[in-house]
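Asks: First, the structure itself, so that you have it in front of you.
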Amino acid sequence: MQKLLAILGIVTIASQLNSQTIQFSISAGAHTRANTPVTVLLKKSIAANKQYEVIHSKTKRSSPVQFISPGAFVFVLADTIAANSSANYSLVVSSRKNLGIVRIEEQSNGLLVKSGEKPVLFYHTQTALPPADSPAYYQRSGFIHPVFSPNGEILTDDFPASHAHQHALFAAWTNTTFKNTFVDFWNQHLQKGTVGHVEVLSKQQGPVFARLQVLLRYRSIQFGEVLKEKWTITVFPYQDHFLFDIESEQSNTSSDTLYINQYHYGGMAFRGSKYWNPDDKKNFRNNWSLLTSEGIKDASANHTHARWVDASGMLSEKIAGITIFNHPSNFRYPQTIRVHPSMPYWVYAPMVDGGFVIAPGKNYVSRYRYFVHNDKADTAAINRIEKDYSFPPEVFVR
Numbered sequence: 055m056q057k058l059l060a061i062l063g064i065v066t067i068a069s070q071l072n073s074q075t076i077q078f079s080i081s082a083g084a085h086t087r088a089n090t091p092v093t094v095l096l097k098k099s100i101a102a103n104k105q106y107e108v109i110h111s112k113t114k115r116s117s118p119v120q121f122i123s124p125g126a127f128v129f130v131l132a133d134t135i136a137a138n139s140s141a142n143y144s145l146v147v148s149s150r151k152n153l154g155i156v157r158i159e160e161q162s163n164g165l166l167v168k169s170g171e172k173p174v175l176f177y178h179t180q181t182a183l184p185p186a187d188s189p190a191y192y193q194r195s196g197f198i199h200p201v202f203s204p205n206g207e208i209l210t211d212d213f214p215a216s217h218a219h220q221h222a223l224f225a226a227w228t229n230t231t232f233k234n235t236f237v238d239f240w241n242q243h244l245q246k247g248t249v250g251h252v253e254v255l256s257k258q259q260g261p262v263f264a265r266l267q268v269l270l271r272y273r274s275i276q277f278g279e280v281l282k283e284k285w286t287i288t289v290f291p292y293q294d295h296f297l298f299d300i301e302s303e304q305s306n307t308s309s310d311t312l313y314i315n316q317y318h319y320g321g322m323a324f325r326g327s328k329y330w331n332p333d334d335k336k337n338f339r340n341n342w343s344l345l346t347s348e349g350i351k352d353a354s355a356n357h358t359h360a361r362w363v364d365a366s367g368m369l370s371e372k373i374a375g376i377t378i379f380n381h382p383s384n385f386r387y388p389q390t391i392r393v394h395p396s397m398p399y400w401v402y403a404p405m406v407d408g409g410f411v412i413a414p415g416k417n418y419v420s421r422y423r424y425f426v427h428n429d430k431a432d433t434a435a436i437n438r439i440e441k442d443y444s445f446p447p448e449v450f451v452r
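Just so it is clear: in the sequence shown, position 93 is 147 by the numbering used here, and no numbers are missing.
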């Protein structure tokens with residue numbers, strides 16, 4: 055729980071509660087805060103079965119609240135807090151009934167998350183089969199596709215032409231050694247390893263966020279399970295843009311060390327639209343535009359370090375894009391990225407800078423935030439969201 059809460063910008067603080075009201079303040083720090091998701095962590099639990107709202111002490115504007123637990127809640131700032139200033143709030147019992155703005159719909163092959171009536175993303179719990187002209191070993195579960203844009207486009211591809219093993223938002227290690235044997239969880243055609251969904255651990259939905267916790271398995275074809283991986287996917291309630299987080303926690307469930315060898319790709323990946331894929335002769339329209347936090351564009355960004363990466367371009371009818379932020383707590387932050395020279399795919403790849411291990415019983419945790427936008431990259435908006443993610447506001451409960 056502590057790891058999960060940390061990504062939302064939580065400060066653990068003493069609180070003195072009464073039965074009705076909690077007073078607290080938010081300090082913006084060095085960065086202006088607007089429309090920011092904020093989590094407040096209390097040391098004393100309150101009755102989470104009641105409906106609450108947060109009220110700004112001056113403007114009296116209110117924001118709905120959603121509890122993670124009886125001692126932690128999330129809300130979105132309704133008022134801007136200027137840099138180097140603070141604002142006071144009250145958490146009060148509300149008579150309003152907050153409807154589920156962000157919700158999860160169960161479908162036969164997975165889980166669809168929507169913000170209002172707009173689809174945001176789809177997670178595959180069931181095995182997706184490759185096209186009829188592709189071998190069966192390309193079948194896969196435990197990935198996100200589609201990722202939708204607010205203007206209704208689809209930003210990702212699944213079983214793309216010439217690379218059927220790639221799947222929108224997916225993760226896998228490529229060049230590894232296990233029990234003195236080469237294992238590749240990424241390239242399924244080698245038939246050395248694969249990754250798949252195991253079970254849905256929990257679901258939560260409401261006015262402020264929807265959250266999925268799902269369990270995946272990294273499996274060696276020869277030796278069986280090597281890693282379990284828990285994804286916590288948190289989707290926030292925006293509709294002019296979409297914002298969601300993925301936390302991955304990998305655990306070595308075997309009795310042997312997994313060696314992730316130095317290599318030029320592998321990790322948490324993004325596979326872009328079929329309209330950006332020159333190998334897709336039927337659907338290709340134009341190349342994507344890729345931009346990193348360091349101002350490096352397109353294939354020139356390969357094997358550079360980046361705090362964030364944005365990919366955008368024309369889709370079926372409209373332009374849209376997605377920025378993926380690398381959390382400062384991640385291993386070897388800011389991580390090296392692999393950008394393919396021609397295809398619309400890139401990946402955060404920490405093994406480019408050298409190998410590392412996941413020992414038996416040990417965990418490997420990584421965190422990423424996803425900002426899905428209409429039109430081309432807006433660096434002002436991207437930089438604001440990066441500051442919220444990497445340098446969150448401080449919360450003080452009185």
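No residue lacks a Cβ here, since even glycine has one placed at the ideal position from N, Cα and C.
Please report how far the alpha carbon of residue 302 lies from the alpha carbon of residue 359, in whole angstroms.
Replies: Looking at the two C-alpha atoms, the distance is approximately 20 angstroms.
Asks: With DSSP as the reference, label residue 401 as helix, strand or coil.
Replies: Three-state result, residue 401: strand.
Asks: So residue 440 is in the alpha helix (DSSP H); what residue range does that whole segment cover?
Replies: Element bounds for residue 440: 433 to 444.
Asks: With H, G and I counted as helix, E and B as strand and the rest as coil, what does DSSP make of residue 199?
Replies: Three-state DSSP puts residue 199 in a strand.
Asks: What's the C-alpha gap between residue 210 and residue 428?
Replies: Spanning the two alpha carbons is a distance of roughly 14 angstroms.
Asks: Can you look up residue 418 in the DSSP assignment and give me helix, strand or coil?
Replies: Strand, per DSSP.
Asks: So, are the CB atoms of residue 390 and residue 315 less than 8 angstroms apart?
Replies: No, Cβ-Cβ distance for residue 390 and residue 315 is not below 8 angstroms.
Asks: Does the structure place the segment 436 to 450 close enough to the segment 81 to 90 that three or more beta carbon pairs sit under 8 angstroms?
Replies: The segment 81 to 90, when compared against the segment 436 to 450, does touch it at the 8 angstroms Cβ threshold.
Asks: By how many angstroms is the C-alpha of residue 352 removed from the C-alpha of residue 343?
Replies: Looking at the two C-alpha atoms, the distance is approximately 6 angstroms.
Asks: Compare the Cα-Cα distances from residue 195 to each of 242, 350, 141, 139 and report the closest residue.
Replies: The shortest C-alpha separation from residue 195 is found at 242.
Asks: Residue 445: buried (16+ other C-beta within 10 angstroms of its C-beta) or exposed?
Replies: The residue in question, residue 445, is exposed, as its Cβ has fewer than 16 Cβ neighbours within 10 Å.
Asks: Which whole runs of the beta strand (DSSP E) in the segment 245 to 330 are 3 residues long or more, in chain order?
Replies: Listed in chain order, they are 247 to 258, 264 to 274, 278 to 289, 296 to 306, 312 to 314, 321 to 325.
Asks: Inspect the beta-carbon positions of residue 306 and residue 415 and report whether they are closer than 8 angstroms.
Replies: Yes, the pair counts as a contact, with Cβ atoms nearer than the cut-off.
Asks: Please classify residue 249 as buried or exposed, where buried requires at least 16 neighbouring CB atoms within 10 angstroms.
Replies: That one is buried.
Asks: Only counting the same chain, and skipping five residues up and downstream in sequence, which positions put a Cβ closer than 7 angstroms to that of residue 348?
Replies: The residues are 358, 360.
Asks: Nearest by alpha-carbon distance to residue 405: which of 226, 368, 355, 309 is it?
Replies: Ranking 226, 368, 355, 309 by Cα distance to residue 405 puts 226 first.
Asks: Please report the Cβ distance between residue 253 and residue 266, rounded to the nearest whole angstrom; I am assuming they are in contact, meaning their Cβ atoms lie under 8 angstroms.
Replies: At roughly 11 angstroms, the Cβ-Cβ gap does not stay under 8 angstroms, so residue 253 and residue 266 are not in contact.
Asks: Taking the alpha-carbon positions, what's the residue 131 to residue 91 distance?
Replies: Distance between the alpha carbons of residue 131 and residue 91: 6 angstroms.
Asks: Relative to the C-alpha of residue 118, which residue among 110, 129, 112 is closest?
Replies: Per the Cα distances, 129.
Asks: Note the first and the last residue of the continuous beta strand (DSSP E) segment covering residue 176.
Replies: Residue 176 -> beta strand (DSSP E) spans 172 to 178.
Asks: Beta strand (DSSP E) containing residue 189: first to last residue?
Replies: Taken as a continuous stretch (DSSP letters only), residue 189 belongs to no beta strand (DSSP E), as it is neither H nor E.
Asks: Could you tell me the alpha carbon to alpha carbon distance between residue 388 and residue 399, rounded to whole angstroms?
Replies: About 19 angstroms.
Asks: With a threshold of 8 angstroms, are at least 3 pairs of Cβ atoms found where one atom belongs to the segment 136 to 153 and the other to the segment 170 to 180?
Replies: With a cut-off of 8 angstroms, the segment 170 to 180 and the segment 136 to 153 do not count as touching, because too few Cβ pairs lie within range.
Asks: So, helix, strand or coil for residue 427, using DSSP?
Replies: Residue 427 falls in the strand class under three-state DSSP.
Asks: In whole angstroms, what separates the C-alpha of residue 216 from that of residue 356?
Replies: Approximately 20 angstroms between the Cα atoms of the pair.
Asks: How is residue 355 classed by DSSP in three states: helix, strand or coil?
Replies: Looking at residue 355 - three-state DSSP - the assignment turns out to be helix.
Asks: Using the rule of at least 16 other Cβ atoms within 10 Å of the residue's Cβ for burial, across every protein chain shown, is residue 299 buried or exposed?
Replies: When all chains shown are included, residue 299 counts as buried.
Asks: Just curious, the beta strand (DSSP E) that residue 408 is in, first and last residue?
Replies: Residue 408 -> no beta strand (DSSP E), and no H or E assigned at all.
Asks: Which of the three DSSP states is assigned to residue 193 in this structure?
Replies: Here residue 193 sits in coil by DSSP.
Asks: Under the three-state reduction of DSSP, which class applies to residue 243: helix, strand or coil?
Replies: Residue 243 falls in the helix class under three-state DSSP.
Asks: What does residue 375 pair with, by DSSP beta-bridge criteria?
Replies: Residue 375 pairs with 366, 427.
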